[in-house]
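Shown next as C-alpha cells:
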C-alpha cells in the first residue's frame, strides 16, 4: 500500500498541480499550441495543390460498346475491355464469315504515355495557382480580421479562455480537413483555422510577455515559443507529403487531431479556462499602438519577411510539378531546408540578438531573405532548392526572433505594459504576409511567371531592410520613463544597445525566479 501511495505522490497529476503556476509550464503550453497550429498550417502545403489538381483532372470516361442488330445466340458477342478500351469479337461462326461478316478491328485510343507523370503547363495547371493561393490565403485573411477583436478581449477576460477557445476551433478545423472532399469545404476549414490561430497566437504571446517581464528573459522565452512554431513548420510539409503519398489525405489530419486533444487536456487542467482573469490596468488602445512608428516598423519587418515564404508555399509545388516533374513526397520535402534553418535561426538569435542588437539582426535577416528568395527560381532540380530555401528559413528566423520581443519591449518603453493588443498587431502583420502573399502571388505567378514573382518580393524585402535602423534606440515616452524610474515601480524591464550592453529601469524586485 505504501508503494501505491508513493506512486500517487509522484504522479503526473501531482506534478502538474505543483507546477500549475510555473512560468515553465505556461511556456510549454504555448510551445505545443504553436507547434500544432503551424503543423496544421503547413501540412496542407504539399497535399492541397496535388489533391485539387487530381480532383480537377479526373474526368470519368464512359465506354459505350458498339450497337449491333439482334442476332441469334451464339453468333457473336462484343467484349468491351475496361483496361485498354478495345473491342473484340468472339464465337464468330463459319456461316457468318461466309456472309461477309468481318471482325471489328481492335480500337485502341491514342494515349500519350508520360513516364515521369509530369503535368503539362496548360491552363488548368496555371489556374491551380489562383485556387490554391486563395485557399491558403483564406486562413490568414480571417485571422487578420479576427485579431483586432482578440487583442482587446484578452485585456478584459485574460488569456486563458481565448487560448482554450483556439484549441477547440483548431480541433474542429482539423477534422474538417480530414473528411472534406470539395474545394468549398476545404476553403471553409482553412478559414475556420484562422479564427483558432488568432486566439492561440495572440493569447499565447501575451501570456508569455506578462509572466516574463525582464526583456532578456522574455526574448529567450519567446525564442523558445517560436521554436514550437519552427518545429511545426519543419515537420508539417514532409509529414503531410509522406502520409499523403503512402497512406492518404485523411491520415495526417487525424494524427493532428489526436495530438490536439492531448494539448487541450493539458490546457484544461493547467490554465483552468473557466476563470475570468482581466488585466489589473487598462491597456493602451489598439489604434494608439498602430500609430506608433516604431511598432509599425517592427510589424512591417514581420510582414514582409513572412510574405516571402507565404508566396513560396502555394507557388513552389506547382512550379516544381511543371518544371521538375516532382513526385508528391518531393513537394513537401522541398520545404525541409527552410524549416530546419528557421528552427536553427530562432534558437540562435533568441539569445544572440539581445547581445548584438535586435535591430541589426532584423536588418541582416531582411537582406538575406531578399537575396535567397531571388535565387529560388535558378534551381534546376530539388537539390538546387536546398541552399536558397535554407537561406530563406534562416533569415526569417532572425527577423521573427528579433522583432517579437521588440514588440513587447516597445510597449514597456512607450505605452502601458499590457500585451494583448501589441501582439495582436504582430499577428496582424504576420497574417498580412500570409493573406496577401498567396492570393496575390498565385495571380502574379499565372500572369508573369514564378521567377518574376520571387524577384518582386525579394526586392521589396531588400528595400525595407534599412528601416530597421530606426529601432536601434527607440525613444521612451516621458511619462512612462518617469514611472519606470520610480523606485516604487513593481515592474522590471531591460533595455539594450547596439553593443549588447544593458541597464535596468525600476527596482530589482524578484518577481518569480526562473524555473
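Numbering (this note's numbering), first residue to last: 642 to 1156.
All C-beta atoms, glycine included, are put in the ideal place defined by N, C-alpha and C.
None of these values were measured; they are calculated from a predicted model.
Through-space distance from residue j to residue i, alpha-carbon basis
i            : j            : result
residue 1110 : residue 694  : 45 Å
residue 1009 : residue 910  : 43 Å
residue 883  : residue 933  : 45 Å
residue 1074 : residue 945  : 6 Å
residue 780  : residue 774  : 11 Å
residue 973  : residue 1056 : 43 Å
residue 942  : residue 1106 : 8 Å
residue 1102 : residue 913  : 42 Å
residue 1050 : residue 1113 : 12 Å
residue 1115 : residue 885  : 48 Å
residue 808  : residue 799  : 16 Å
residue 1045 : residue 955  : 26 Å
residue 854  : residue 870  : 22 Å
residue 877  : residue 950  : 14 Å
residue 982  : residue 994  : 16 Å
residue 836  : residue 681  : 13 Å
residue 752  : residue 964  : With a pLDDT of 40 at residue 752, under the threshold of 50, the modelled position of that residue is not reliable, and the figure given next carries that caveat. Looking at the two C-alpha atoms, the distance is approximately 22 Å.
residue 957  : residue 674  : 27 Å
residue 990  : residue 696  : 43 Å
residue 929  : residue 795  : 17 Å
residue 824  : residue 1083 : 16 Å
residue 1108 : residue 1085 : 26 Å
residue 863  : residue 849  : 7 Å
residue 970  : residue 1091 : 21 Å
residue 1052 : residue 938  : 14 Å
residue 1047 : residue 931  : 15 Å
residue 1018 : residue 1081 : 18 Å
residue 875  : residue 819  : 21 Å
residue 881  : residue 688  : 7 Å
residue 895  : residue 1005 : 40 Å
residue 1066 : residue 986  : 23 Å
residue 897  : residue 672  : 15 Å
residue 966  : residue 959  : 10 Å
residue 669  : residue 968  : 36 Å
residue 821  : residue 1118 : 51 Å
residue 1095 : residue 797  : 42 Å
residue 1011 : residue 927  : 31 Å
residue 772  : residue 1093 : 19 Å
residue 1021 : residue 815  : 35 Å
residue 667  : residue 1087 : 45 Å
residue 847  : residue 996  : 23 Å
residue 1027 : residue 1036 : 14 Å
residue 980  : residue 677  : 15 Å
Supposed close pair residue i, residue j - CB separation, criterion 8 Å
i            : j            : result
residue 1043 : residue 1002 : 4 Å
residue 890  : residue 692  : 6 Å
residue 1014 : residue 1089 : That pair is no contact at about 16 Å.
residue 908  : residue 839  : With 8 Å as the limit, residue 908 and residue 839 do not qualify as a contact, their Cβ atoms being about 16 Å apart.
residue 1034 : residue 978  : 7 Å
residue 976  : residue 684  : 11 Å between Cβ atoms; not a contact.
residue 1077 : residue 961  : Actually they are not in contact, since the Cβ atoms of residue 1077 and residue 961 sit about 23 Å apart, beyond 8 Å.
residue 868  : residue 1030 : Rounded, the Cβ-Cβ distance is 19 Å, inconsistent with contact.
residue 1157 : residue 788  : Nothing can be reported for residue 1157, as the shown portion of the chain is limited to 642 through 1156.
residue 901  : residue 812  : 5 Å
residue 1079 : residue 872  : Not quite, the Cβ-Cβ distance comes to about 22 Å (not below 8 Å), so this is no contact.
residue 664  : residue 852  : 5 Å
residue 786  : residue 803  : With 8 Å as the limit, residue 786 and residue 803 do not qualify as a contact, their Cβ atoms being about 15 Å apart.
Range of the contiguous alpha helix (DSSP H) that encloses residue i
i            : result
residue 995  : 977 to 997
residue 1096 : 1091 to 1105
residue 845  : 824 to 852
residue 1111 : No alpha helix (DSSP H) contains residue 1111, which DSSP labels as neither H nor E.
residue 799  : Taken as a continuous stretch (DSSP letters only), residue 799 belongs to no alpha helix (DSSP H), as it is neither H nor E.
residue 1059 : Neither: residue 1059 is in no alpha helix (DSSP H) and is coded neither H nor E.
Check: residue i C-beta below 6 Å from any heavy atom of the ligand NAD
i           : result
residue 880 : This structure simply doesn't include the ligand NAD, nor any ligand for that matter.
Worksheet item: Are the region 858 to 865 and the region 1054 to 1063 touching, with three or more C-beta to C-beta distances below 8 Å?
Response: no
Worksheet item: Along the chain, which unbroken stretches of the alpha helix (DSSP H) at least 4 residues long are found entirely within the region 868 to 955?
Response: The qualifying runs are 891 to 911 and 927 to 931.
Discussion item. Ignoring anything shorter than 3 residues, give me the beta strand (DSSP E) runs that lie fully in the region 1012 to 1045, in order along the chain.
Written reply: none
Worksheet entry | At least three beta-carbon pairs within less than 8 Å, the region 843 to 856 to the region 825 to 832 | no
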